[in-house]
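Dropping the structure here:
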């Protein structure tokens with residue numbers, strides 16, 4: 001069958017984690033850029049009033065994108081590990097890079113218990129002082145750490161998996 005000549009499903013499978021982790025990293029960077037604007041000193045008072053309604057509306061749309069991208073990275077990395085194992089030794093093994101990327105993707109999800117409380121307090125505006133911008137600041141701090149210890153390493157690993165020949 002000439003299907004590999006026109007369309008190679010394994011080639012698509014090999015780059016799927018890189019594509020989805022790229023989307024995840026770009027999305028995280030855009031979130032950081034956009035949400036940081038609410039913390040400008042000149043806008044902070046208005047942000048406290050606006051954030052609960054605005055972020056409550058935006059968050060539920062964004063979480064669908066984040067979950068879809070991370071599930072794509074997760075499932076395609078697992079599929080690559082089991083369907084297309086690499087017989088090379090450890091340091092340059094494509095499978096090793098998929099494992100590293102998979103750990104980064106799982107690492108992203110391990111931050112959920114840390115980021116959920118400030119998001120919930122911000123969206124529900126549960127504080128009597130109406131300080132949603134403080135919750136956004138907390139969330140952005142955790143978001144930066146998550147990007148550095150989970151999203152970026154996952155992306156680098158998936159780049160490595162695509163470059164190993």
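In my numbering, the protein residues as written are 1 to 165. Every residue gets a Cβ at the ideal spot worked out from N, C-alpha and C, and that includes glycine.
- Residue 21 counts as buried, since no fewer than 16 other beta carbons sit within 10 angstroms of its beta carbon.
- In this structure, 13 is the residue among 13, 158 and 160 with its C-alpha nearest to the C-alpha of residue 84.
- In the three-state reduction of the DSSP assignment, residue 59 falls in the helix class.
- Counted as a single uninterrupted DSSP element, the alpha helix (DSSP H) harbouring residue 137 occupies residues 132-146.
- Classified as buried, residue 98 has 16 or more neighbouring CB atoms from the shown chains inside 10 Å of its CB.
- By the CB criterion at 8 Å, residue 71 and residue 23 fall outside the cutoff.
- The stretch 100-116 makes contact with the stretch 152-163, as at least three CB pairs between them are under 8 Å.
- Contact holds between the stretch 114-128 and the stretch 52-59, because three or more Cβ pairs, one in each stretch, are under 8 Å apart.
- Taken through DSSP and simplified to helix, strand or coil, residue 164 comes out as coil.
- Annotated as proximal: residue 162 and residue 15, with beta-carbon spacing under 8 Å.
- Annotation: the continuous alpha helix (DSSP H) that includes residue 32 extends over 9-36.
- Ranked by Cα distance from residue 73, the options 150, 145 and 164 are led by 150.
- Taken through DSSP and simplified to helix, strand or coil, residue 118 comes out as helix.
- In this structure residue 77 is in contact with residue 17, their Cβ atoms being roughly 5 Å apart against a cut-off of 8 Å.
- Of the residues assessed, residue 96 falls on the buried side of the cut-off, its CB having 16 or more other CB atoms within 10 angstroms.
- The C-alpha of residue 80 is placed about 10 Å away from the C-alpha of residue 11.
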